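Reading through the structure tokens given below for one structure.
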Amino acid sequence: MTAIVHNASPGLWRLAWRRLRADRVAMASLAVVAAFLLMLVLSASGLIVADWEREVGVNYAPPGFAGAAPAM
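Sequential numbering from 0 applies to the sequence shown in numbering that gives the first Met the number 0.
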């Protein structure tokens with residue numbers, strides 16, 4: 000008797016992951032999304048941008064590049 004070998008096909012998610020890994024643009028996009036998610040988690044935990052609400056300038060100040068704007 001000869002044994003019949005049944006090769007199981009890879010699952011749907013494994014095939015999708017292989018196709019995604021083969022696409023360079025998709026992997027670059029995935030890296031950008033992962034970086035955004037990492038920044039979201041780090042900012043929510045307070046490790047980065049911890050003092051975001053702190054005032055650093057004068058409220059309602061007139062615009063000027065270097066000090067007060069010259070009078071015309």
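For each residue, glycine too, the CB sits at the ideal point set by N, CA and C.
Bear in mind that the values here come from a model prediction, so they are computed numbers and not experimental data.
My output table needs one value for residue i: the three-state DSSP class, helix, strand or coil.
i, result
"Ser28", "helix"
"Leu41", "helix"
"Ala21", "helix"
"Arg13", "helix"
"Ala49", "coil"
"Ala104", "Nothing about residue 104 can be read from this structure; the chain reaches only from 0 to 71."
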